[in-house]
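Numbering (our numbering), first residue to last: -5 to 380.
Glycine included, each C-beta is placed from N, C-alpha and C at the ideal position.
Here's the structure we're looking at; comments come further down.
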């Protein structure tokens, strides 16, 4: 190989990976689109004099609930599509929708979704009761009183959110935030997912549910596992609500009589969740031949868990790209003509890393700042007497 050709190869730029800043841009775009669509919807309601507010208002109907859900999910779907078109990325391949996934993984994911519901829904009920006692009023979706409404709810509250929310939050946000480390990506994306719902009542529950979905996505490298878990969890809630409504039974509230049921549900749900997750963890590690490497990672520190997640989540292609990036930099430094140029290259790479970190941190701060403001406003408004 000639010297000129060698220099060309050394200086050839690598493909820019989807990182924290990209994920932040996609999320912020989706969130802004969602707010704009909601605003336009309220403008239409105002112009057409549709009654809103009170027990008989349009906002208390299943139709209103379905429309608002459709607006949110449309935004979650539109922003990643637009980003992919602008940046020319292979969206379906990169986010985890393509490729085969074991039916056993899907079955375990469904069971994990149910276990998460049993484990964390009592916590949500407890938080709801606590805020209600303090005078907080949260908006609720009207219960389905007939089969037609129930089917509409299954489509709009279980199927569509499972696809669209997982597509955005796991397929884009969590994947991008993993640039900070896979454990950090899991925690940060789950927190953003919880805050995005805009209600202090849902905060704890949505965080844990989001964390479980993200764990499934990382470990199996497939978005379908988190979609299944998300769908099963939402679907089970709808079935329980419809069954209670049809029987004329109101939701159970925390009291001395049912506290034991909630405690048993939480303990049993967590035990089942941990057991199922461990089983899936073992199956995946065995299928990929990673058992020995994973056993070699000792301890339960955040760093150790991040290494485990990295081993499971990173594909061979991703590992190759990371090695290529390291080799690319090393080659430039080793082929430097003089010690001065070598030092300059080292400083340049360090500067690029710091610049990327700074840009990523700005993206993260902006994500949480925007959602945090809306979250605080919703919390304050919840304490305002209606």
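Measuring only the C-alpha atoms, how far is residue i from residue j?
i           : j           : result
residue 255 : residue 221 : 28 Å
residue 246 : residue 54  : Low confidence applies to residue 246: its pLDDT is 49, below 50, so where it sits in the model is not reliable, and the reading given next is rough at best. In a straight line, the C-alpha of residue 246 is about 21 Å away from that of residue 54.
residue 250 : residue 257 : Only weak support is given to the placement of residue 250: the predicted model assigns it a pLDDT of 47, under 50, and the value that follows is read from those uncertain coordinates. If you take the alpha carbons of residue 250 and residue 257, they lie about 11 Å apart.
residue 206 : residue 372 : 26 Å
residue 156 : residue 301 : 28 Å
residue 189 : residue 362 : 8 Å
residue 0   : residue 325 : Confidence in residue 0 is poor, its pLDDT being 37 and thus under 50, which makes the residue's placement unreliable; the coordinate value appears in the next sentence. Distance between the alpha carbons of residue 0 and residue 325: 10 Å.
residue 84  : residue 11  : 12 Å
residue 370 : residue 40  : 25 Å
residue 377 : residue 218 : 39 Å
residue 94  : residue 125 : 44 Å
residue 355 : residue 366 : 16 Å
residue 27  : residue 159 : 14 Å
residue 408 : residue 186 : Only positions -5 to 380 of the chain appear in the structure, and residue 408 is not among them; the question remains open.
residue 51  : residue 230 : 28 Å
residue 359 : residue 240 : 45 Å
residue 42  : residue 57  : 16 Å
residue 262 : residue 353 : 43 Å
residue 197 : residue 117 : 10 Å
residue 375 : residue 316 : 47 Å
residue 319 : residue 238 : 57 Å
residue 347 : residue 341 : 10 Å
residue 279 : residue 285 : 5 Å
residue 333 : residue 322 : 18 Å
residue 349 : residue 273 : 41 Å
residue 44  : residue 63  : 19 Å
residue 172 : residue 20  : 15 Å
residue 282 : residue 46  : 55 Å
residue 146 : residue 30  : 24 Å
residue 170 : residue 297 : 19 Å
My assumption, with CB atoms under 8 Å, is that residue i sits in contact with residue j. Please give the rounded CB distance.
i           : j           : result
residue 70  : residue 161 : 7 Å
residue 90  : residue 165 : 6 Å
residue 137 : residue 199 : Residue 137 to residue 199, Cβ: 19 Å. No contact.
residue 290 : residue 14  : Not confirmed; about 29 Å, so no contact.
residue 132 : residue 37  : The pair is not a contact, with the Cβ atoms about 24 Å apart (cut-off 8 Å).
residue 212 : residue 288 : So it is not a contact: roughly 14 Å between Cβ atoms.
residue 330 : residue 339 : 6 Å
residue 183 : residue 163 : 6 Å
residue 35  : residue 65  : 6 Å
residue 327 : residue 22  : No, residue 327 and residue 22 are not in contact; Cβ-Cβ is about 36 Å, not under 8 Å.
For the candidate residues the options, whose alpha-carbon lies nearest to that of residue i?
i           : options               : result
residue 275 : 306, 132, 379 and 260 : 306
residue 203 : 228, 217 and 192      : 228
residue 120 : 321, 183, 345 and 260 : 260
residue 49  : 135, 35 and 122       : 135
residue 236 : 148, 94, 171 and 192  : 148
residue 59  : 32, 80, 43 and 42     : 32
residue 150 : 295, 68 and 182       : 68
residue 215 : 341, 309 and 342      : 309
residue 87  : 368, 335, 46 and 312  : 312
residue 223 : 152, 277, 65 and 117  : 152
residue 97  : 277, 285 and 293      : 277
residue 458 : 209, 234 and 130      : Beyond the ends of the chain as shown, which are -5 and 380, falls residue 458; an answer cannot be given.
residue 299 : 209, 328 and 349      : 209
residue 18  : 123, 191, 174 and 35  : 174
residue 168 : 374, 16 and 323       : 16
residue 61  : 353, 285, 286 and 154 : 154
residue 25  : 296, 347, 191 and 45  : 191
residue 433 : 129, 92 and 44        : Beyond the ends of the chain as shown, which are -5 and 380, falls residue 433; an answer cannot be given.
Does the structure place the stretch 71 to 81 close enough to the stretch 99 to 106 that three or more beta carbon pairs sit under 8 Å? Segments in contact, no.
Just checking, does the stretch 264 to 275 make contact with the stretch 107 to 127 on the three C-beta pairs under 8 Å criterion? Touching, per the Cβ criterion.
Three or more C-beta pairs under 8 Å: does that hold for the stretch 138 to 145 against the stretch 171 to 178? Using a C-beta cut-off of 8 Å, the stretch 138 to 145 makes no contact with the stretch 171 to 178, since fewer than three inter-stretch Cβ pairs fall below that distance.
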